[in-house]
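A short worksheet on the structure shown next.
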Amino acid sequence: MKAGVVAVIGKPNVGKSTLINTLVGHKVSIVSDKPQTTRKRVLGIATTDEYQMVFVDTPGIHRPKHKLGAALNETAKQSLHGIDVLLIMVDCSRMPSQEDKNVAQILTEAGLLKSDSNVILCLNKMDKLKAEDVERNYEAYTELFKTENTIMTSLTKSQNVDILSGKLFNLLPENPTFYPDDLYTDQPMAFMAAEIVREKALNLTHKEVPHSLATFCEEWEQEEGRIFMRIVLLTERDSQKAILLGHKGDMIKKIGSAARSEIEEMVDQKIYLELFVKVRADWRQSPRWLRELDYLQ
Ligand SMILES: Nc1nc2c(ncn2[C@@H]2O[C@H](COP(=O)(O)OP(=O)(O)OP(=O)(O)O)[C@@H](O)[C@H]2O)c(=O)[nH]1
Ligand SMILES: [Mg+2]
1127 MKAGVVAVIG KPNVGKSTLI NTLVGHKVSI VSDKPQTTRK RVLGIATTDE YQMVFVDTPG
1187 IHRPKHKLGA ALNETAKQSL HGIDVLLIMV DCSRMPSQED KNVAQILTEA GLLKSDSNVI
1247 LCLNKMDKLK AEDVERNYEA YTELFKTENT IMTSLTKSQN VDILSGKLFN LLPENPTFYP
1307 DDLYTDQPMA FMAAEIVREK ALNLTHKEVP HSLATFCEEW EQEEGRIFMR IVLLTERDSQ
1367 KAILLGHKGD MIKKIGSAAR SEIEEMVDQK IYLELFVKVR ADWRQSPRWL RELDYLQ
């Protein structure tokens, strides 16, 4: 039996959470096309007869503009301790950006880009990579992260995921399993339900709303034949609240019905989902709110 911890690190929006959901075979971490979707360290656990891979999903490392951003970067850095394999993820359809360079610097400072380190560089989004850019981009990323142990993937087209899984397996140490075979995440259901609501809201809204949105479960009550849950959508301005509610409540209804079916599947029973939009100016700058939302390490 092989078992170990694999941290997935990279700048925002490269596909880290998509990869973990794919390899685990369950949605453990929400996905959107907006940067900074992942805000907490989330474990995704994949167990077979041969291995247990414990993936650590991390917030994308970026240049922070507020206390929330700084907390996200800190969470990503803290996730580098005690790992067996480091999986660096990039969007290979573009040349490395300043954010990729910051990721490389953090990894160098943590002593993780040495030749004897267990590192895999995953060049994702190959479906968007132009043929004439392949060589240039490949060289730029392998040079930046100082590794030739690479794999090019397209998660949206399910390309090379098995090869990546094989490469991870090769680097895992011999160990007994850490977690029960049927456990696929360390996150409580109430957190996952609030995240599903946030994902639906992220995918249905634009501009500043996704960035200033947080969700949390305020009440979770097992009732006769169903679970009652109240999930709060926290935002920073009345104008953002108006967008989240929509004309005559259209938007919040859409968010609710998209989230409800997914949460019901997860908890395997009917739910009564109450959504409530709250405005707290500048919550992203408030240590109290960041603590409350469990975004601080
Ligand atoms: N074209 C293309 N899009 C992809 C691929 N993999 C993921 N995506 C998309 O990229 C976007 C970001 O994916 P996420 O998995 O949320 O990215 P992330 O790295 O976890 O982002 P953060 O949590 O913000 O750090 C989503 O819209 C995905 O559907 C891929 O191989 N090709
Ligand atoms: Mg993510």
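Every letter in the sequence shown is one number past the one before it in the working numbering, and letter 227, counting from 1, is 1353. The beta carbon of each residue, even a glycine, is placed where N, CA and C say it ideally should be.
Suppose you measure from the CA of residue i to the CA of residue j; what does that come to, to the nearest Å?
| i | j | result |
| --- | --- | --- |
| GLU1325 | MET1377 | 14 Å |
| PRO1413 | LEU1422 | 8 Å |
| VAL1229 | ILE1187 | 6 Å |
| LEU1281 | ILE1146 | 10 Å |
| LYS1254 | ALA1319 | 32 Å |
| GLY1136 | LEU1194 | 18 Å |
| ILE1353 | ALA1236 | 44 Å |
| LEU1101 | ASP1288 | Given that the chain is displayed from residue 1127 to residue 1423, the structure contains no residue 1101 and the question cannot be resolved. |
| ASP1259 | VAL1211 | 28 Å |
| LEU1360 | ILE1369 | 13 Å |
| LYS1191 | LEU1270 | 25 Å |
| SER1430 | GLU1390 | Any property of residue 1430 remains undetermined from this structure, which presents the chain solely from 1127 to 1423. |
| LEU1309 | GLN1348 | 22 Å |
| ILE1214 | PHE1181 | 12 Å |
| MET1392 | GLU1321 | 12 Å |
| LEU1233 | ASP1242 | 14 Å |
| THR1268 | ASP1307 | 35 Å |
| ARG1262 | MET1221 | 8 Å |
| HIS1373 | ILE1381 | 13 Å |
| LYS1247 | LEU1198 | The identity of residue 1247 in the sequence shown is Leu, whereas the question assumes Lys. Approximately 22 Å, taken between the alpha carbons. |
| CYS1218 | TYR1264 | 7 Å |
| SER1158 | VAL1335 | 13 Å |
| VAL1245 | PRO1161 | 24 Å |
| GLU1350 | LYS1227 | 54 Å |
| MET1179 | GLN1411 | 35 Å |
| LYS1396 | SER1143 | 27 Å |
| VAL1323 | LEU1238 | 35 Å |
| GLY1170 | ARG1356 | 25 Å |
| LEU1294 | VAL1131 | 10 Å |
For the alpha helix (DSSP H) that residue i lies in, which residues bound it at each end?
| i | result |
| --- | --- |
| MET1318 | 1315 to 1330 |
| ASN1147 | 1142 to 1150 |
| ILE1232 | 1224 to 1235 |
| GLU1418 | 1413 to 1418 |
Is it buried or exposed, residue i, if we count other Cβ atoms within 10 angstroms and call 16 or more buried?
| i | result |
| --- | --- |
| GLN1366 | buried |
| GLY1141 | buried |
| ASN1139 | buried |
| PHE1402 | exposed |
| MET1127 | exposed |
| THR1173 | buried |
| TYR1398 | exposed |
| LYS1256 | exposed |
| GLU1362 | buried |
| LYS1153 | buried |
In the DSSP assignment, find the beta strand (DSSP E) that holds residue i and state where it starts and stops.
| i | result |
| --- | --- |
| PHE1295 | Segment 1287 to 1297 is the alpha helix (DSSP H) holding PHE1295; no beta strand (DSSP E) there. |
| GLY1195 | Not the beta strand (DSSP E): GLY1195 falls in the alpha helix (DSSP H), residues 1193 to 1204. |
| VAL1245 | 1245 to 1250 |
Quick one: what does DSSP say residue i is sitting in, helix, strand or coil?
| i | result |
| --- | --- |
| PHE1271 | helix |
| LEU1281 | coil |
| GLN1423 | coil |
| ALA1129 | strand |
| ILE1156 | coil |
| MET1215 | strand |
| LYS1333 | coil |
Can you pull the DSSP bridge partners for residue i?
| i | result |
| --- | --- |
| ILE1353 | GLN1348 and ILE1397 |
| ASP1183 | VAL1134 and VAL1168 |
| CYS1343 | ILE1357 |
| TYR1177 | LYS1128 |
| THR1500 | In the structure displayed, the chain extends from 1127 to 1423; residue 1500 sits before or after that span and is not available. |
| LYS1404 | LEU1360 |
| THR1276 | LEU1247 |
| THR1163 | Looking at the DSSP assignment, THR1163 forms no beta bridge with any residue, so it has no partner. |
Using a Cβ-based criterion (distance less than 8 Å to any ligand heavy atom), does residue i qualify as near ligand 4?
| i | result |
| --- | --- |
| MET1318 | This structure lacks ligand 4; the ligands present are ligand 1 and ligand 2. |
Between residue i and chain B, is there a C-beta pair that is closer than 9 Å?
| i | result |
| --- | --- |
| PRO1138 | Here there is only one protein chain, and chain B is not present. |
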